[in-house]
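Read in order, the letters of the sequence shown correspond to residues 12 to 77 in the numbering used here. Note that the Cβ used here is the ideal one computed from N, Cα and C, for glycine as well. Please read all numbers here as calculations on a predicted model, not as lab measurements. Step one of this worksheet: look at the structure below.
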Amino acid sequence: MDEKEFALNDIVEMKKQHPCGVNRWKIIRIGMDIRIKCEGCGHSVMLPRREFMKKMKKVIERHEAS
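Shown next, in the form of structure tokens:
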């Protein structure tokens, strides 16, 4: 299994879209669990890291640390 690279505040695309119709999620917490927030309606979801890795499709925007 290839390791997907992601970081805090990155915008990611999941395999299934949210019921609100948007498929852009912002990573707001990283640890054993990953918390992501829908960019459309603001709903947040916490997923175990293993499940998040399976459901994440790709990183849309990387957060630039300054």
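Cβ neighbours of residue i in the same chain (closer than 7 Å, five flanking residues each side left out)
i, result
"M64", "K15"
"E72", "D21, I22"
Buried or exposed by the 16-neighbour rule on C-beta atoms within 10 Å, applied to residue i
i, result
"K37", "buried"
"I45", "buried"
"C52", "exposed"
Reduced DSSP secondary structure (H/G/I, E/B, other) of residue i
i, result
"E75", "coil"
"M43", "coil"
"K65", "helix"
"K15", "coil"
Residue i - containing beta strand (DSSP E), residue span
i, result
"E24", "22 to 25"
"P59", "55 to 59"
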